[in-house]
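Notes follow the structure.
Protein chains in written order, with this note's numbering: chain A, 3 to 114; chain B, 331 to 443.
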């Protein structure tokens, strides 16, 4: 059974701090990795994707991938109260297409 | 550029009935995937269609089915509804070639009573 594991949280950080969200996956054949943000009552919104080992930065967000350790993380710098949401890690389980396996999500709370 | 459109947004059905949900992908996207989201199980993959063919399938019973039309619009059907089918059903659109990013619609909230 292919799995994606996340700490459910809640992860609480003060405004301006760095939030670190972690995810592990079981399928060594996974090729692409995604982070989605989901506000309560809304649909998931894609915020980052990463395909290669290393870091990928986009504004205040940095995704990190370590395929040897089967580990992917998301860093949010200068956290804002508007970042408070559930963050979903997703892994593409197939050679092609978008059959994503999702973790259960980590709830982030940023206090002002 | 218009996003992914799902209709209807809300549905209430009775056990035993069937339901059809619709999804219009982003213009130019050829892949449509369907997911079920519940508080207990999270987001679970149902199936993916690409160029009118089912390309991938999740671990759901045969009561769940789908199809895709030549304009890439997709429908999913759930027959003989059960209480446990109450969920948010999400459609995701992607270009479909290789490993591509998927963008979600607003979802259809299905309640089975």
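Note that beta-carbon positions come from the ideal geometry of N, C-alpha and C, so glycine has one too.
Beta-carbon proximity list for residue i, same chain, < 6 Å, skipping 5 on both sides
i, result
"residue 422 of chain B", "363, 432 and 434"
"residue 72 of chain A", "26 and 27"
"residue 61 of chain A", "none"
"residue 76 of chain A", "23, 37 and 65"
"residue 74 of chain A", "25, 35 and 67"
"residue 58 of chain A", "52 and 65"
"residue 11 of chain A", "108 and 109"
For residue i, the residue or residues it bridges with in DSSP
i, result
"residue 60 of chain A", "A/63"
"residue 349 of chain B", "B/408"
"residue 11 of chain A", "According to DSSP, residue 11 of chain A bridges with nothing at all."
"residue 104 of chain A", "A/92"
"residue 68 of chain A", "A/73"
"residue 443 of chain B", "Partner(s): none; residue 443 of chain B has no beta bridge."
"residue 427 of chain B", "Answer by DSSP bridge pairing: none, since residue 427 of chain B is not bridged."
"residue 433 of chain B", "B/423"
"residue 21 of chain A", "A/78"
"residue 6 of chain A", "A/27"
"residue 333 of chain B", "Looking at the DSSP assignment, residue 333 of chain B forms no beta bridge with any residue, so it has no partner."
"residue 342 of chain B", "B/441"
"residue 363 of chain B", "B/378 and B/422"
Beta-carbon contacts of residue i that lie in its chain and below 7 Å, excluding the five residues immediately before and after
i, result
"residue 342 of chain B", "441 and 443"
"residue 398 of chain B", "362, 379, 382 and 404"
"residue 56 of chain A", "67"
"residue 386 of chain B", "377 and 378"
"residue 9 of chain A", "24 and 108"
"residue 360 of chain B", "380, 381, 402, 425 and 426"
Three-way DSSP call (helix, strand, coil) for residue i in this model
i, result
"residue 413 of chain B", "helix"
"residue 83 of chain A", "helix"
"residue 39 of chain A", "strand"
"residue 44 of chain A", "coil"
"residue 372 of chain B", "strand"
"residue 386 of chain B", "strand"
"residue 356 of chain B", "coil"
"residue 394 of chain B", "strand"
"residue 33 of chain A", "coil"
"residue 111 of chain A", "strand"
Closest by C-alpha distance to residue i, when choosing among the options
i, options, result
"residue 407 of chain B", "B/392, B/358 and B/359", "B/392"
"residue 339 of chain B", "B/417, B/380, B/382 and B/403", "B/417"
"residue 395 of chain B", "B/333, B/365, B/360 and B/373", "B/365"
"residue 381 of chain B", "B/388, B/389, B/400 and B/375", "B/400"
"residue 44 of chain A", "B/385, B/427, B/420 and B/356", "B/420"
"residue 4 of chain A", "B/397, B/375 and B/439", "B/375"
"residue 30 of chain A", "A/70, A/8, A/112 and A/102", "A/70"
"residue 103 of chain A", "A/59, A/113, A/34 and A/63", "A/34"
"residue 438 of chain B", "B/415, B/425 and B/424", "B/415"
"residue 352 of chain B", "B/426, B/402 and B/425", "B/402"
"residue 425 of chain B", "B/436, B/355, B/384 and B/390", "B/355"
"residue 85 of chain A", "A/113, A/95 and A/74", "A/113"
"residue 100 of chain A", "A/12, A/32 and A/106", "A/32"
Same chain only: Cβ atoms within 8 Å of residue i, ignoring 5 sequence neighbours per side
i, result
"residue 388 of chain B", "374, 375, 376 and 377"
"residue 87 of chain A", "39, 40, 41, 42, 109 and 110"
"residue 123 of chain A", "The structure shown does not extend to residue 123 of chain A, since chain A is modelled only from 3 to 114, so the question has no answer here."
Counting Cβ pairs, one atom from each stretch, are 3 or more of them under 8 Å apart for the region 23 to 38 of chain A and the region 46 to 63 of chain A? Result yes; three or more Cβ-Cβ pairs closer than 8 Å.
Quick check: the region 346 to 355 of chain B against the region 365 to 372 of chain B, are at least 3 beta-carbon pairs closer than 8 Å? Touching, no.
Can at least three beta-carbon pairs, one atom from the region 18 to 26 of chain A and one from the region 80 to 100 of chain A, be found at a separation below 8 Å? Verdict: yes, contact present.
Inspect the CB distances between the region 88 to 95 of chain A and the region 408 to 418 of chain B and report whether three or more fall short of 8 Å. No, they do not touch.
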